[in-house]
Structure formats: structure tokens, C-alpha cells
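Reviewing the structure listed below.
Structural data, given as C-alpha cells:
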């Protein structure tokens, strides 16, 4: 009798693990688009660091991301149980913040372009250790804040999939998705920011013959591609902020959501691209509006302080 109970328990555990695995796969597939945005945004956020500080910065953001998810998972479960409507409102607020960050990033890029066009000297006075430390701290804080918003969408997408499952399965699936995606994203980010180092190692390879020629050619290719990839990711990450933020806002405002659906219906093959384009446009408008509000409040506070 004890033996049969033991095997029944094992069968229950196996079934439970199979359910968790299945739900995790579905959640991962559903959140794949957000994950790609997360990768682009975070790779963009850690650019501009000294070579010897890139990995420490990625590690710091990785730890911040884990802390974000340690906060988000229980909060999402509690909010979903007590006040489900609040989840949508919080995502909209987070989306507006992402759009604002994207708009500010565009302004920063354009201002730097204007300075370059006016013939400003390219050589910049070297920053002091304190200035570099402050810059690094700002980069990490900004990346962790952005990660919080993107992680929230991944958690909410996963929660919607497991909403009807028992509580233990919900918790296990959310934790599994949080850990796997964090490790995956920041592992790839670390690989991207150190791609040039990998290229140098391959260029210096002592291999001979056809294989050696191939390895060194690959290294030169990586060295040539690294700067272009980082510049591309910088823009892709900014656009991703508008895409994700605009989608949050559009999905949270029912009339706007239906308007977007009506506009893209019948687009056939281009429906997904049209939806992304509209979400991006909404994100730009929301970002501009948020920037105007923030700048207005800042100006008003400055005048009142005087």
C-alpha cells in the first residue's frame, strides 16, 4: 500500500512538472517579441562604457533585473488576486514612461548630431574617476528602471496564461520564466558588448592552413561588425521603447485598441507590420506628450522655487 502511494505521488509530481513545463513554453513563445525588445533596449543601455567596465555593468544590471522580478512576481500574483484592473493601469503608466525615455533618447541623439554638424571639436576632455563612476551609476539605474517595465509585461503575459492554474503552478511558472529570460537576455547582452574582444582573440589565432585563415577572417568580420551592431542596437533599443510603450497604452485604452484593430484589419500579410507601425506612432505621440508634461512641471517648480 505504501509502495503504491509512493508511485502515485511520483506520478502526481511528474504531471505537475509537465504542466509547468508546458505553460512555461507557451509563456516563452507569447513573450518572445517583448524579449527581443528587452535584449535590444538593454544592449543599448550599457553602450558607451569603458571596455573594462562593460561586463561589471552588465552584471550589475543583471542583479537589478533579478531584484525587479523578485518584486514583480509576488506583486503581480497579489494584484491579480485582489485588484486585477490595477495591473492594466500600471502597465499603461509603465508604457508612458518607456515612451518618455524613448523620446528623451531621440532628443539626446539629435542634439549630439547637431553639435557634430556645427563643427564642434570631437576630442572631449577626459572624465575624472568620479564623473565616470557617476555616469556608470546613471547608466545602471536607467537600465534597471527600463528592465522593470519590460519585465512587468513579460510577467503579466505569463500570468494571463497561467491564471486558471493552481497557485503553485502559477508561482513555479512565473519564477521559471523570470530566471530563464533574465539569464538568457543578459547572457546575450554580455556576448554582444564583448564581441570585439572575441574578434581580437580570433584574429590573433595561431591556427594554420585553411582553418586558420577562416578563423582570422571571422575575427576581422567581428571587429568590423561590432561598432555597426552597437550603433544599430542603440537605435533599435530606442524604437523598441516606443513599440512596447505604445502597445501598453493602446491595449489599455479600449477605444484606441479598437481603432488600431479596425485600421489594420484586412491588411493580410502586412497586418502585424501595420500594428507595429501604429504602436510605434502612438508611442512617439505619448512620449512627446509625457516630455512636455515633465518639462512643464520642471519649469513650474523652478519658477515657484524662486
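In the numbering used here, the protein residues as written are 2 to 307.
Ideal placement from N, C-alpha and C gives every residue a C-beta, glycine not left out.
Worksheet item: Roughly how many angstroms separate the alpha carbons of residue 137 and residue 266, rounded to a whole number?
Response: 45 Å
Worksheet entry | Simplified DSSP state of residue 257, which is helix, strand or coil | helix
Worksheet item: Rounded to a whole number of angstroms, what is the C-alpha to C-alpha distance between residue 224 and residue 191?
Response: 16 Å
Practice prompt. With DSSP collapsed to three states, give me the class of residue 209.
Written response: coil
Fill in: Within 8 Å, strictly: CB atoms of residue 227 and residue 157
no
Item to complete: For my contact list, residue 279 and residue 261 are in at a C-beta cut-off of 8 Å; report their separation, rounded to the angstrom.
Response: 5 Å
Fill in: 8 Å contact criterion, which residue 84 and residue 154 should meet: CB distance rounded
Rounded, the Cβ-Cβ distance is 18 Å, inconsistent with contact.
Worksheet item: Does DSSP put residue 84 in a helix, a strand or coil?
Response: coil
Worksheet item: Quick one: is residue 152 buried, meaning 16 or more other Cβ sit within 10 Å of its Cβ, or exposed?
Response: buried
Worksheet item: Cα separation between residue 175 and residue 232?
Response: 33 Å
Discussion item. Ignoring anything shorter than 4 residues, give me the alpha helix (DSSP H) runs that lie fully in the region 157–208, in order along the chain.
Written reply: 168–194 and 196–204
Worksheet item: Can you tell me where the alpha helix (DSSP H) with residue 54 in it begins and where it stops?
Response: Here residue 54 belongs to no alpha helix (DSSP H), and DSSP marks it neither H nor E.
Worksheet item: In whole angstroms, what separates the C-alpha of residue 98 from that of residue 246?
Response: 7 Å
Worksheet item: Could you give the distance in angstroms between the alpha-carbon of residue 55 and the alpha-carbon of residue 195?
Response: 8 Å
Item to complete: Evaluate contact between the region 177–186 and the region 58–75, counting only Cβ atoms and requiring at least three cross-stretch pairs below 8 Å.
Response: yes
Worksheet item: With DSSP run on the structure shown, which of helix, strand or coil describes residue 267?
Response: coil
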